[in-house]
Structures are given as C-alpha cells and as structure tokens.
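Asker: Structure in structure tokens, see below.
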Amino acid sequence: MMNADIIDGKAIAGRVRAGVARHVARLGADHGLTPGLAVVLVGEDPASQVYVRSKGRQTVEAGMRSFEHRLAASIPEEDLLELVKGLNADPAVHGILVQLPLPDHIDEALVINAVDPSKDVDGFHVWNVGKLGTGQKAMVPCTPLGCMMLLRDRHGSLSGMNAVVIGRSNIVGKPMAQLLLRDSCTVTVAHSRTGNIREVARQGDIVVAAVGRAGTVGGDWIKPGATVIDVGINRIAAPELGEGRTRLVGDVDFDGCSTVAGAITPVPGGVGPMTIACLLANTLTACCRANGLEEPEGLTV
Ligand code: NAP
C-alpha cells in the first residue's frame, strides 16, 4: 500500500531549467550577455564523466556557454591551480566547477578555495560557506539548494517545522542544515555516531537523507505524514533485470517509507535532476551579480 505523494523532481527541475533559459534569452536580448560555465574534470572517473557530459549538454540547452577542461589524472597541482586562475580572469566564464573527487596528490581544499568566490557555482569556497552560515548573500551548493526548492514547492513556508538531516558532509548535510535553519526550521543533524537515530529521525516533519548507503532509512524512522527527501545515489546489483545489471537506489527504503510518509522523492527522478538545474541557476545568478543586474526570482535563497 502506498500513501505518500511522489515529489516529481524531474518535472520541477524542468520548470527551473525553463525559467533559467527564459532569463538567459532576455539577458542576451537586453544586455548582449551570455552566461558561461566552465567545468574542470581531472582523470577518468566514469561517474564524473557522465555528470560532466550531462552538465555540458544542459548548459547549452539553457542557452549558456559551456567550457569543458578535461585533464589527465597525473596533472600536477600547480598546473590545475594555474588553469583555475585563468578561468577566474576570463570574463566569458561566470561559473567554475571543479568536478570532485580529485586525485589523491591534489589538495582538494586548496583548489576549491582557489576559485573566485563570485564564480564558485558549487558554493564550496569557505567564503561562500561563511556567508551562507551568517545569512549573507552567497553561492549556495546545488544539491541542498535543489532540496530546498522541492520542500518549498511542497510546503510553501517551512517555518517552525522540525527538520532532521541525516549526514553531515560539507557538500550536502551541513549546507542543507544551514538552509533549513535559514527558513526557520528547528534543525537536527544526525550522523554515524548519533544514538537512537530512528527515534531522532521520527521527530522530523522533514527528513533529508544524505548518508551514502542504500536503503538506510526505513519506514520505522519516519513520522506519519512527514516529507522525505532522499539525496542518496547508490548503484546496486539488480539480478532481477538480468545478469550483471545494476540499478540506482537512494539512501531511503522507498517502499517502506512511502506507506508512512506524506510525500517522498524517488531515486532516480527526485533530487538528482534538481542538482544540475540548480547549477544552471547558480551560473545565471553569478552572471547577473557580476554585471550588477537584478537576479531572477526564486532561483537562489
Ligand atoms: P558522505 O560525505 O559520505 O557523508 C555521509 C554522511 O552520512 C556522513 O556524515 C556519515 O556520518 C553519515 N552516515 C554514514 N552512515 C550512516 C549511518 N549508518 N547512520 C547515520 N549516518 C550515517 O556523503 P555525501 O557526499 O554527503 O553524499 C551522501 C549521498 O548523497 C551519497 O549517496 C551521494 O552519492 C549522494 N549525493 C547525491 C547528489 C545528487 O545530486 N542527488 C549530490 C551529492 C551527493 P559521519 O560523518 O559520522 O561519518
């Protein structure tokens, strides 16, 4: 039996992308501007290659310029930093994304913090992290921003709701908690050392799962009627589809939770499509800010 409404991230992401494309067309017509996104990929991680291809295609579809830099895994750190410096100085580039993870010989934090904060469309630079945490205008990490758009679409105001974020990574859990706090939720951040995590999660009117383990959040973790946002992307074996086949699942036990929750995001088709839509939105926002132009409504916090 399934009760929960399915939150259609694919459809909502499509609306965000269409809004971005309309605004990009207006920027071109009124100001002769084309937002540009540079994506830097180091090495040949297959998942990263898929993401980068998809980012490039959707950037162009939104009417923006896409610059791809594919570098050998063996590139010295100083050469990568030199490339970032060049992109910082390039007026055609409004957003810079260095695809993570980077090879072990490269200091990830050093590279992230070498990106001009105003072009940091991933929102990972300490300057943006600090601004987000102090309620100032920042570039906001794409995945948590996408989750907020889904939650606002569902609930309107989130003020006064109990939100439980499971996971405390710098790229999802922590910025997610900041954004929920900014929308006046009462926020709990749970992680691998949290005691009695089921009980903790069951306090949530909103539960955001960013754990990185398939099916961690069971139906007995969820308060009846709660909204469940599943950030996880895990590839698991799927012998039912044929020998050697795999499929994508989230961090939430979808079947178990959808009988209890009021609303839930599917995997795929939930948070995933929102991430790239928000990357495009951030690139547009960065371009508007760089040119002293009004930012489009509803595309950032
Ligand atoms: P991460 O850096 O590995 O962080 C995982 C977090 O989950 C950690 O804080 C860890 O706690 C916590 N955790 C691990 N096992 C746990 C357990 N059994 N109970 C409670 N907490 C537990 O992962 P991430 O980068 O945040 O990503 C999380 C998931 O989201 C992954 O599946 C990733 O693929 C996916 N993701 C999706 C998108 C998207 O576009 N949809 C974007 C980014 C990430 P400790 O801190 O105590 O170790």
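Residue numbering for the sequence shown is 84 to 384, as defined by the working numbering.
The beta carbon of each residue, even a glycine, is placed where N, CA and C say it ideally should be.
This structure is a prediction, so every number in the text was calculated from the model and none was measured.
(1) Using the Cα positions of residue 42 and residue 309, report the straight-line distance between them to the nearest angstrom.
(2) Please determine if the segment 294 to 309 and the segment 257 to 265 are in contact, where contact requires at least 3 C-beta pairs separated by less than 8 Å.
(3) Per DSSP, what are the beta-bridge partners of residue 119 in this structure?
(4) Would you say the beta carbon of residue 251 is closer than 6 Å to some non-hydrogen atom of the ligand NAP?
(5) Report yes if the C-beta of residue 315 is less than 6 Å from at least one heavy atom of the ligand NAP; otherwise report no.
(6) So, at 8 Å on beta carbons, what are the nonlocal neighbours of residue 397 in its own chain, with the 5 sequence-adjacent residues on each side left out?
(7) Contact between the segment 359 to 374 and the segment 105 to 117: three or more CB pairs below 8 Å?
(8) Decide yes or no for the touch test of the segment 179 to 189 against the segment 96 to 104: beta carbon pairs closer than 8 Å, at least 3 of them.
(9) Would DSSP call residue 331 helix, strand or coil?
(10) Near residue 344, which residues of its chain fall below 6 Å by C-beta distance, leaving aside the five closest residues on each side in sequence?
(11) When every heavy atom of the ligand HEM is checked, does at least one fall within less than 6 Å of the C-beta of residue 254?
(12) Nearest by alpha-carbon distance to residue 450: which of 96, 253, 217, 247 is it?
(13) How many angstroms separate the CA atom of residue 158 from the CA atom of residue 355?
(14) Based on Cα-Cα distance, which residue from 123, 129, 331, 168 lies nearest to residue 151?
Answerer: Quick look at the numbers:
(1) Residue 42 lies beyond the range of the chain shown here (84 to 384); nothing can be said about it.
(2) They do not touch, by the three-pair rule.
(3) In DSSP, residue 119 forms a bridge with 148.
(4) Correct: residue 251 has its Cβ closer than 6 Å to the ligand NAP.
(5) Result yes, Cβ under 6 Å from the ligand NAP.
(6) The requested residue 397 does not occur in the structure, where the chain is confined to residues 84 to 384.
(7) With the cut-off at 8 Å, the segment 359 to 374 and the segment 105 to 117 touch.
(8) With contact defined as three or more Cβ pairs closer than 8 Å, the segment 179 to 189 and the segment 96 to 104 are not in contact.
(9) If DSSP states are grouped into helix, strand and coil, residue 331 belongs with the strands.
(10) If we look at residue 344 and ignore the five residues flanking it on each side, its Cβ neighbours are 87, 305, 309, 311.
(11) Looking at this structure, you won't find the ligand HEM anywhere; what it does contain is the ligand NAP.
(12) For the chain, the structure presents residues 84 to 384; residue 450 sits outside this window and is missing.
(13) Taking the straight line from one Cα to the other gives about 30 Å.
(14) Minimum Cα distance to residue 151 is reached at 123.
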